[in-house]
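Visitor: Keeping their order, the protein sequence lines are chains A and B. Using our numbering, you'd call the opening residue of the first sequence number 82 and step up by one each time. Using our numbering, you'd call the opening residue of the second sequence number 82 and step up by one each time. For every residue, glycine included, the Cβ atom is placed at its ideal position computed from N, Cα and C. Quick one: structure below, then a few questions.
There are 2 protein chains.
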Amino acid sequence: MADARQYFDLPSPFAMKRGGTLRGAHLSYETWGTLSAARDNAVLILTGLSPSAHAARNDIDDTPGWWEDIVGPGKALDTNRWFVICVNSLGSCKGSTGPASSNPETGELYRLDFPELTLEDIGNSAFELARGLGIERLAALVGCSMGGMAALGYLIHHPGAARAHVSVSTAPQARPFAIAIRSLQREAIRLDRNWNEGCYDEQHYPEIGISLARKLGVITYRSAIEWSGRFGRIRLEPEKREEEPFGAEFQIESYLNAHARRFVHAFDPNCYLYLSRASDWFDISEYAEGNVRAALSRIKLQRALVIGVETDILFPLEQQQEIAEGLRAGGASVDFVGLDSPQGHDAFLVDTERFGAAIGAFMASL
Amino acid sequence: MADARQYFDLPSPFAMKRGGTLRGAHLSYETWGTLSAARDNAVLILTGLSPSAHAARNDIDDTPGWWEDIVGPGKALDTNRWFVICVNSLGSCKGSTGPASSNPETGELYRLDFPELTLEDIGNSAFELARGLGIERLAALVGCSMGGMAALGYLIHHPGAARAHVSVSTAPQARPFAIAIRSLQREAIRLDRNWNEGCYDEQHYPEIGISLARKLGVITYRSAIEWSGRFGRIRLEPEKREEEPFGAEFQIESYLNAHARRFVHAFDPNCYLYLSRASDWFDISEYAEGNVRAALSRIKLQRALVIGVETDILFPLEQQQEIAEGLRAGGASVDFVGLDSPQGHDAFLVDTERFGAAIGAFMASL
């Protein structure tokens with residue numbers, strides 16, 4: 082299957098929030114639908130930590146995307162109406178420049194020489210992409226999870242850059258429980274001796290670290306309720322149990338193993354560290370002397386949909402309520418939707434029926 | 082400070098639930114108060130995964146115990162009235178026989194040659210201790226966390242062995258979310274190359290593994306709400322930040338580091354693995370063809386207090402409700418207390434004001 086990714090060269094040098102610049106950096110992105118002559122129907126999606134720009138199948142790449150049930154003709158983000166763009170985050174490893182890319186100044190991989198990355202850098206680089214595509218104002222900026230925080234950064238740095246905003250299962254700032262989880266994930270990678278301060282290769286690769294990090298991620302992306310119904314105490318068939326001492330015996334353990342196996346070599350560990358730390362650093366209140374609500378109220382939008390789920394332990398619903406109230410205080414007309422999906426943080430990826438209905442209704446009302 | 086531990090020799094051989102036997106095994110325990118002439122005022126405490134038998138200070142050992150605010154003269158477990166016994170679990174490393182003990186048959190440490198351990202073995206061995214102390218029937222059996230599951234095993238195997246039961250922040254069976262967390266903790270230990278299939282020493286010790294396991298434990302023992310209030314986004318003083326890449330920067334990270342440092346060499350990694358797996362295995366429904374409620378209803382008690390907290394993600398309150406309903410179905414008069422303590426699973430150790438009030442009122446009513 083062909084690759085639908087397109088590439089956008091960022092202005093060079095591209096200045097980063099915490100200092101440092103990138104030269105010759107680019108973003109990968111994909112698009113669906115057609116930009117209108119007035120260039121007023123663009124919807125830009127910023128993703129969670131690990132997805133690529135391939136949100137859905139398109140004419141070039143027919144493999145299902147990570148938000149396949151949401152993006153497409155007649156779907157919630159209806160590509161018959163909207164020109165949908167999804168961008169791979171700056172700092173990621175799915176085609177955009179990041180720690181796993183070559184540093185043009187040295188010819189070597191950046192690794193830990195990549196400048197300190199913030200979610201605002203991800204937002205600013207996505208803004209450059211939209212501008213580069215000739216889009217002065219987005220019809221809607223959509224941000225999921227980490228991408229939802231990056232979207233808040235985008236909006237606060239670029240007033241008037243979007244008419245509407247869809248904020249999905251995200252937060253206005255990282256709180257200590259989420260920081261603790263992400264810190265432990267990073268530590269698992271850092272303590273893997275194959276990580277070697279970022280200098281690994283495929284032969285000496287921090288598989289153990291990234292595998293533990295991914296499993297912890299999966300545990301916090303889901304919910305106890307969902308797993309009780311789905312796995313209960315079902316044991317693996319004897320022939321599928323791991324022979325080694327204390328090896329996997331329950332289905333839930335095998336489920337985690339499968340998730341980790343798929344991820345280990347599909348996502349670069351250094352990129353993971355950069356994006357994870359950027360998430361911890363994000364705090365919209367920096368823009369209003371430590372006041373979350375005041376900072377959010379500086380974001381000027383016509384409309385917003387803020388959506389999340391009650392079973393999310395990583396980005397609790399209360400944080401989406403904060404976003405809704407803050408944006409409302411800024412003058413936007415805000416729809417707030419708290420779903421009771423059992424799937425936890427990942428519900429936006431799997432309970433697409435309910436998320437699709439809410440997002441579709443909001444988009445149709447624009 | 083002197084050591085208040087006493088030792089009880091288990092019947093030898095001592096048969097384990099899943100097969101295998103222990104020879105020459107013993108339990109360590111401590112006591113407070115005086116056993117009445119009728120031997121009818123004994124209260125036995127089964128602990129969580131890691132505590133020792135030192136629940137509170139006593140005449141011999143004046144250091145504070147792990148349940149100092151609950152056990153003592155005039156406290157919830159009033160040692161002026163009750164003869165309180167706390168036992169270090171079989172399989173632990175705080176004086177009782179476990180994987181870190183010498184195998185009398187080989188003269189070497191058991192390590193992974195220790196027979197498979199279940200929580201029922203912990204319950205059965207504690208029952209032998211009570212019998213050995215001349216106590217035919219406990220006034221109350223108290224079980225916290227893992228010890229609460231062991232207590233259910235004790236009660237179902239030994240009908241009539243207790244008049245009353247205090248069940249604290251525990252569960253009638255391990256559910257997949259808790260199994261996933263514990264499985265990941267075990268994996269962190271197992272994947273530390275210093276673990277070496279259980280053959281480590283102080284020079285080659287799985288510090289990384291047990292440290293990651295402990296941090297994950299602390300994360301799941303507490304709650305997001307408590308940490309938001311306690312740590313927020315407070316950063317470490319610059320001089321306290323870790324210099325290495327991606328090192329600790331927030332107070333919450335330093336808090337986790339401190340917890341891990343205290344634990345690493347204080348608890349034996351093999352014992353941790355055995356007790357952790359035993360927790361996953363526990364399922365009271367085994368005693369009634371897979372029906373939790375029916376199994377619990379086979380436990381005959383006069384009175385029970387079942388207590389837990391709403392913010393507990395490891396042993397959710399719903400599981401304490403299951404215990405309360407099951408024991409009630411068995412004919413006991415059951416008090417159920419669901420507290421809104423913000424401290425999560427660990428609330429029974431730290432919100433001793435509310436736990437003490439509930440436990441004290443229940444004990445006074447006996």
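At what residues does the beta strand (DSSP E) containing F344/B begin and finish?
Guide: Looking at the DSSP string, F344/B is not in any beta strand (DSSP E); the run it does join, the alpha helix (DSSP H), is Q332 to V345.
Visitor: Taking the DSSP output, what are the residues bridged to F417/A?
Guide: Paired residues: V387/A.
Visitor: In whole angstroms, give me the CA-to-CA distance for F396/B and V247/B.
Guide: Answer to the nearest angstrom: the Cα atoms are 16 Å apart.
Visitor: When Cβ atoms are compared, which residues of the segment 310 to 336 of chain A fall closer than 9 Å to chain B?
Guide: Listed in sequence order: R311, F312, G313, R314, I315, E325, P326, F327, G328, A329, E330, F331, Q332, I333, E334 and Y336.
Visitor: D159/B bridges to which residues according to DSSP?
Guide: DSSP, once it has assigned bridges, lists G153/B as partnering D159/B.
Visitor: How close, in whole Å, do the beta carbons of K28/B and G241/B come, if the pair is a contact with beta carbons under 8 Å?
Guide: Here chain B covers residues 82 to 447 and nothing more, so residue 28/B does not appear.
Visitor: Is F95/A helix, strand or coil when you go by DSSP?
Guide: Strand.
Visitor: Is the beta carbon of L293/A less than 8 Å from the beta carbon of E278/B?
Guide: Against a cut-off of 8 Å, the Cβ pair of E278/B and L293/A comes out as no contact.
Visitor: Out of R358/A, A375/A and A359/A, point me to the one whose CA is closest to S366/A's CA.
Guide: Among R358/A, A375/A and A359/A, the Cα nearest to that of S366/A is on A375/A.
Visitor: Using a 10 Å radius around the Cβ and a threshold of 16 neighbouring Cβ atoms, would you call K321/B buried or exposed?
Guide: It counts as exposed.
Visitor: Take the Cβ of Y88/B as the centre, count every other Cβ of all protein chains shown within 10 Å, and call the residue buried at 16 or more, exposed below.
Guide: Result: exposed.
Visitor: Mind checking if A261/B is an interface residue toward chain A, Cβ cutoff 8 Å exclusive?
Guide: Closer than 8 Å: yes.
Visitor: Considering Q402/B, what are the terminal residues of the alpha helix (DSSP H) in which it resides?
Guide: Note, Q402/B: alpha helix (DSSP H), L398 to A410.
Visitor: Could you tell me the distance, in whole angstroms, from the CA atom of V168/B to the CA atom of Q402/B?
Guide: Looking at the two C-alpha atoms, the distance is approximately 26 Å.
Visitor: Relative to the alpha-carbon of R311/B, which residue among A261/A, P257/A, L200/A and R244/A has its alpha-carbon at the smallest distance?
Guide: Of the candidates A261/A, P257/A, L200/A and R244/A, the one whose C-alpha sits nearest the C-alpha of R311/B is P257/A.
Visitor: So with Cβ pairs under 8 Å, would you call R267/B a contact of chain A?
Guide: Answer yes: the Cβ-Cβ gap between R267/B and chain A drops below 8 Å somewhere.
Visitor: Using 8 Å as the cut-off, can you tell me whether the segment 339 to 353 of chain A makes contact with the segment 223 to 237 of chain A, which would need three or more C-beta pairs spanning the two stretches below that distance?
Guide: With a cut-off of 8 Å, the segment 223 to 237 of chain A and the segment 339 to 353 of chain A do not count as touching, because too few Cβ pairs lie within range.
Visitor: Could you give the distance in angstroms between the alpha-carbon of L158/B and the alpha-carbon of L200/A?
Guide: Distance between the alpha carbons of L158/B and L200/A is about 52 Å.
Visitor: Determine whether the Cβ of S226/A lies closer than 8 Å to any Cβ atom of chain B.
Guide: Chain B, which has no Cβ nearer than 8 Å to the Cβ of S226/A, makes this no.
Visitor: Quick test of your reading: S250/A and S226/A, contact by CB under 8 Å. State the CB separation rounded to the nearest angstrom.
Guide: S250/A to S226/A, Cβ: 6 Å. Contact.
Visitor: Under 8 Å: do the segment 161 to 180 of chain A and the segment 125 to 135 of chain A share three or more Cβ pairs, one atom per stretch?
Guide: The segment 161 to 180 of chain A is in contact with the segment 125 to 135 of chain A.
Visitor: From the DSSP output, which residues share a beta bridge with D364/A?
Guide: Q254/A.
Visitor: P397/A versus chain B: which residues are under 8 Å apart at the beta carbon?
Guide: Correct list: A305.
Visitor: Tell me whether the segment 209 to 222 of chain B and the segment 353 to 363 of chain B touch, counting them as touching only if at least three CB pairs, one residue from each stretch, are closer than 8 Å.
Guide: With the cut-off at 8 Å, the segment 209 to 222 of chain B and the segment 353 to 363 of chain B do not touch.
Visitor: Name the residue from R384/B, E406/B, E324/B and F417/B whose alpha carbon lies nearest to the alpha carbon of V390/B.
Guide: That would be F417/B, whose Cα lies nearest to the Cα of V390/B.
Visitor: Less than 8 Å between the beta carbons of V415/A and A369/A, yes or no?
Guide: No, Cβ-Cβ distance for V415/A and A369/A is not below 8 Å.
Visitor: Between which two residues does the beta strand (DSSP E) carrying I300/B extend?
Guide: Where I300/B is concerned, there is no enclosing beta strand (DSSP E), although the alpha helix (DSSP H) it sits in stretches over E288 to Y302.
Visitor: Mind checking if P180/A is an interface residue toward chain B, Cβ cutoff 8 Å exclusive?
Guide: No, because no Cβ of chain B sits closer than 8 Å to the Cβ of P180/A.
Visitor: Locate the alpha helix (DSSP H) running through D202/A, then write down its first and last residues.
Guide: First-last of the alpha helix (DSSP H) with D202/A: L200 to G213.
Visitor: For D121/B, which three-state DSSP category applies?
Guide: In the structure shown, D121/B sits in coil (DSSP, three-state: anything other than H, G, I, E or B).
Visitor: In this structure, does DSSP put T102/B in helix, strand or coil?
Guide: DSSP places T102/B in strand when its eight states are reduced to three.
Visitor: What first and last residue would you give for the beta strand (DSSP E) that runs through L236/A?
Guide: From DSSP, L236/A is part of no beta strand (DSSP E) but of the alpha helix (DSSP H) over M227 to H238.
Visitor: Could you tell me if A445/B is buried or exposed, where buried requires 16 or more neighbouring beta carbons within 10 angstroms of its beta carbon?
Guide: A445/B is exposed by the Cβ-count criterion.
Visitor: If you draw a straight line from the alpha carbon of Q383/B to that of E406/B, how long is it in whole angstroms?
Guide: Those two C-alpha atoms are separated by around 14 Å.
Visitor: Using 8 Å as the Cβ pair cut-off and three pairs as the minimum, do the segment 189 to 196 of chain A and the segment 95 to 110 of chain A touch?
Guide: Segments in contact, yes.
Visitor: Is there at least one Cβ from chain E nearer than 8 Å to Q402/A's Cβ?
Guide: Given the protein chain composition of this structure (A and B), no chain E is represented.
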